[in-house]
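In case it helps, mature numbering (1 follows the signal peptide of the UniProt record, and there is no 0) puts the sequence shown at residues -21 to -1, 1 to 1027. A virtual CB, placed ideally from N, CA and C, is assigned to each residue, including glycine. Values in this document were obtained by computation on a predicted structure and should not be read as measured data.
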Amino acid sequence: MAGTLGMFASFMLFLLSAAGGEPSRERVYYVGIIEDLWDYAPSGKNLINWKDVENDDDASVFLEKGPFSIGRVYKKAMFRQYTDATYSHLAPRPDWLGYLGPILRAEVDDILVVHLKNLATRSYTMHPHGVFYEKDAEGAFYPDGTSNRLKKDDAVPPGDTYTYRWEVRPEFGPTDDDANCLTWIYHSHFDAPKDIASGLIGPLLTCKKGSVRNDVEQDFFLMFSVVDENLSWYLEENIQSFTDPDAVKKEDPDFIESNLMHAINGYVFGNLPGINLCQHHEVAWHLFGIGNEMGIHTAFFHGNTLLDRGHRTDVLSLFPATFATAEMIPKTKGKWLLTCQVNDHLQAGMQAFYEVKSCGNEASTTKMGGVVRNYYLAAEKVLWNYAPGNKDLINDVSLTEANSTSEMFFGTEDGRIGGLYMKVIYKEYTDKTFATIKSPASEPGHLGILGPVLRAEEGDTLRVTFLNKADRKYSIQPHGLHYDKLFEGSIYEDGADKSGSLVRPGERFTYIWQVLEGPSSSDDPCIPYLYYSATDPIKDTNSGLVGPLLVCKKGTLGENGPKDVDKEFFLLFSVMDENMSWYLTENIEIYGTSETNLEDQDFEESNKMHAVNGRMYGNLAGLEMCAGDKVRWYTFGLGTEVDIHGVYFEGNTFKKQNTTRDTLSLFPHTTATVLMQPNTPGVYEVSCRVTDHYSAGMRLQYRVNYCPGHKLERTHKEPDKIVQYFISAEEIEWDYSPQRDWELEKHNTTSEDRIGSRYKKVVYREYTDSTFSVRKNRKPNQQHLGIMGPIIKAEVGEQIVITFKNKASRPYSITAHGVRAMLLVFSHKINLTWDVPASSGPGPSDPNCISYAYYSNVDFIKDLYSGLLGPLVICRPGTLQYSMGPDRQRLDVEKEFALLFMVHDENQSWYLDDNIRKYLGVDPGTFTPDQDFEESNMMHGINGKLYGNLHGLVMMHGQKVDWYLLGMGNEMDMHTVHFHAETFTYKMDRVHRADVFDLFPGTFQTVEMVAGNPGTWLLHCHVTEHIHAGMETTFTIKESIQVSINLI
């Protein structure tokens, strides 16, 4: 009794202390939704090159008004701040905000009170990211089981006012490792994709206590978005107002393209005004992306570098509903480009300026200092062979074998060019005479098409003498360095003399670049960057002019490279588009025929070479190392929207920012550094797990040799425990969307699905023993797994033994990421053993358990799309319950869920013919699929369920929950996973707060959450097409059991 009273007294003391604490501060905003005209290019010019819109080939596509195109002015809906409740006076706002809504700011323990008045002509809402809200302040319309008062926030009618209250509770604020302030957004969420495309979005900033905003002198908020005006609620009005409505066909591809506005804050082609910075004064950049599958952005700040979550860079990757916060101390004066480096977006005008001025007496910063490192580079034309072995060296078959994917790229039928192309590359010479090419022995032999590796340490000066031995103007533009305007390699109208931006054939130019900012204390010893020709950055790079650059910490470089590793390799993953090369015409003249047709889609596809360092299908040589070597891999991305790469290293894991992985993600102009120590000799594969890229040859091999005298870590020891699983592959009928209520309520439609929602598939399922006679029923906490196989769990030091039986009608297998496998075959069953050494387990900065995937790889692509995939979870010792069975629960969390976000392409399933025959009732041999049929077979699933049909995501208030997020699939499988009403933390080398996590093919990530907000909440992919295609469900947080105490 005494103990009970003591607990009660402590509880009451807690309540009294909480009630008596510092009161929350209310920050009140009056926001109106207005409708107005928006001009994407008010100057009427492409300000990057100072051409009038109608005289510019690129800008005119989007901005020229005519009978068939709307032009640069559109009616939009926009959030605007007012000074008070009369909504009669607009609050002042910076010009650079564009059409974004006002900046809402708050710090931990504040309450945001937003009085929203809808001055528009249709219902809208206001939904925030990154803050706490009750059901009546969510501002999002979806079937959540609420009604009456709790639905009023879901749609504010024209003329009405609604008040939203949002709290910045400590568990929603920045972590200790985060920046002082975090970037979020708010947007209308009645129909989020259409509302946002119509213009209703704005920035939200939440800060640590006392941080609004005294840590930087300026902050800027920039949205990178391909604004799809075809999706706007006002499309019909814009057609009526600005075109000949009788002439416009809304389904015409040219009309659709003209309405895709590649904008920064709603401005294109350099028209964003007013980004002015002071030299040496700290600036915070708050960037975010929003939009559709084209919404992959690499924001590049020319001339200066930033710190992104403590890491040095000059690019920031953005995706739909991705938020970035970065700090910059601008060191170099001038008018600098701020661009998206995705080729299509760069060409379509996603470019702006920022200007660094001397606000005191600061001098220019490109002064000679440190070590001067001299390089002599030439641009030279070469005949390039994408497969010099003339075979698919991984499968040991001809590249022109009939019906093979490789034949598309290497065959010469129908006027195709094949695998030989005229290109231009950077070559290194020994001195300024350019008489002697530097010996290949002094550089790694695997570089392929890449230029030589340029290396420097912080404080050094790079002096690069460039001789153009090619036949047109080229340049060299580096990432990550500082330079005066004279030494910039990019052309744009900045008022500066830049001789280095276009070096004519036969001429030379000497660039002087300084390393003012090297790797941060959180970075690896060296940071990889790209250098490239930027006279025309799209055509020049597709023609071949690109190379690697290493910026290292002081004292890191030895005579032949870094001192701390035995080997280093440089890999560029890029779909090199020969259609965009300067030498396409020349290549057609040499290798084409009279059948060559530039407009033919197959011809265009045949020229898209899915290469690593310019080689395909295992033809990249020189990747050899000794078992036991410390190996550092520097990886790079380059290209356009399709250049999303999930780079998988078979056979070995690596360390990336103190976490354990075996797959990394790359995007145009981004880089990643990983450290590997392979201990088992053998030949292993590196491949892009994006399915189209994999089949198109973006694969290579590396060899680990046994080298006498090399010290090897002992990798095999008796396991601490053997964990046994009995798993089958079996064919079932799978229903992606058995209940259509969600689709009807939210989207007011049930489209003709052609085949429908039911498909024959093959799945992994678990059995009780080796007889495979009793299938294990899934428990309530496993119900959410859906199409996936069982969660396979083990701790470091254990061994997983899987007895696998194929109960399907064709060959399948089971293989896993992250672990070391052995195989024993017993007639129709096989036994697999997966060892779990320390290298497979969580790294120093990882959560207690990390996730991988397992799947069939008899035919990786078709097996995957047929349904075979499951989650693998590897934990630190002591994390799981001590028992011999496979169903061990974690001791450190109360709930765990595994979610696969993937577009299941039923067109690539082994069972497509069976499904056509059964569900369409036609002979697949005579059936001719059209584009609509193929689109209807793209099932945008979460664990194989659409439109809210995934169930079982239930937890109690206060429970600690780990989510294992998995991404697989193709180029469209960019998924930004958003949890409503909750935030989570994820770990790199530090702990960071978010409510959206980015997934790509081969991405496996554990995120951690404390369920703090009772209710049923939306969980969805934030990519526009994926929302409308049904990649949504809900998770439920139930109230904890409450004990009521009556005081007498």
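Its chain contains Met655 and Pro657 as the residues whose beta carbon lies nearer than 6 Å to that of Asn631, once the 5 sequence neighbours on both sides are disregarded; these appear in chain order. In the three-state DSSP reduction, Phe751 falls in the coil class, being neither helix nor strand. DSSP places Met57 inside the beta strand (DSSP E), whose first and last residues are Val52 to Tyr61.
Between His260 and Glu196 a beta carbon distance of about 5 Å is seen, short of the 8 Å cut, so the two are scored as contacting. Per DSSP, the unbroken beta strand (DSSP E) holding Pro507 starts and ends at Cys505 to Tyr511.
One Cα belongs to Thr649, the other to Lys635, and the distance between them is close to 15 Å. Linking Asp223 to Lys229 through their CA atoms gives a straight-line distance of about 12 Å. A distance below 6 Å between beta-carbons, with the five flanking residues on each side excluded, links Asp893 to the following residues of its chain, in chain order: Lys739.
Along the region 546 to 599, the beta strand (DSSP E) occurs as fully enclosed runs of 3 or more residues at 546 to 556 and 587 to 591, listed in sequence order. If you compare the alpha carbons of Tyr743, Asp31 and Glu950 with that of Gly849, the shortest gap goes to Tyr743. Asp902 counts as exposed, since fewer than 16 other C-beta atoms from the protein chains shown sit within 10 angstroms of its C-beta. Around the C-beta of His68, fewer than 16 other C-beta atoms lie within 10 Å, and the residue is accordingly described as exposed. The C-alpha of Arg594 is placed about 45 Å away from the C-alpha of Asp866. Under the rule that a run must span 3 or more residues, the beta strand (DSSP E) segments found entirely inside the region 379 to 456 read 399 to 408, 433 to 436 and 440 to 447.
Comparing alpha carbon positions, the residue from Asp393, Tyr66 and Thr444 closest to Tyr570 is Asp393.
Just so you know, the alpha carbons of Met105 and Pro81 end up roughly 12 Å apart. The DSSP assignment places complete alpha helix (DSSP H) segments of no fewer than 4 residues inside the region 882 to 941 at 891 to 894 and 910 to 915, in order along the chain.
In the three-state reduction of the DSSP assignment, Ala158 falls in the coil class, being assigned neither a helical nor a strand state. One alpha carbon belongs to Asn922, the other to Asp748, and they sit about 26 Å apart. Of all alpha-carbon atoms in Lys690, Phe646, Gly765 and Thr812, the one lying nearest the alpha-carbon of Pro698 is that of Thr812.
The beta carbon of Gly430 is closer than 6 Å to those of Tyr405 and Gly526 in its chain, skipping five residues each way along the sequence. When the five nearest sequence neighbours on each side are left out, the beta carbons in the same chain lying within less than 6 Å of the beta carbon of Thr100 are those of Pro137, in order along the chain. Annotation: the continuous alpha helix (DSSP H) that includes Leu325 extends over Asn322 to Gln326. Within the region 820 to 845, the complete beta strand (DSSP E) segments at least 3 residues long are 828 to 834, listed from N- to C-terminus. When Cβ pairs closer than 8 Å are counted between the two stretches, the region 769 to 784 is seen not to touch the region 716 to 728, the count staying below three. In this structure Ser830 is not in contact with Phe1014, their Cβ atoms being roughly 18 Å apart against a cut-off of 8 Å.
Distances from the alpha-carbon of Gly948 to those of Trp264, Tyr673 and Gly189 put Tyr673 closest.
With a beta-carbon spacing of about 6 Å, Glu557 and Tyr400 fall inside the 8 Å limit used to define contacts.
Across the set Gly270, Arg969, Asn217 and His166, the C-alpha of Asn217 shows the shortest separation from the C-alpha of Gly45. Taking the Cα of Thr318 as reference, the smallest distance to any Cα among Gly534, Leu295, Gly11 and Asn916 is reached at Leu295. In this structure Thr412 is exposed. Its beta-carbon is surrounded by fewer than 16 other beta-carbon atoms within 10 angstroms. Look at the region 598 to 650 and you find no whole run of alpha helix (DSSP H) that is 4 residues long or longer. Measuring C-alpha to C-alpha distances from Arg451 to each of Ser480, Met767, Tyr333 and Leu617 identifies Ser480 as the nearest. With the rule of 3 Cβ pairs closer than 8 Å, the region 581 to 595 does not count as touching the region 637 to 647.
Counting the other Cβ atoms within 10 Å of the Cβ of Gly607 gives 16 or more, which makes it buried. For Thr639, the closest of Val482, Leu617, Asp825 and Glu950 by C-alpha to C-alpha distance is Asp825.
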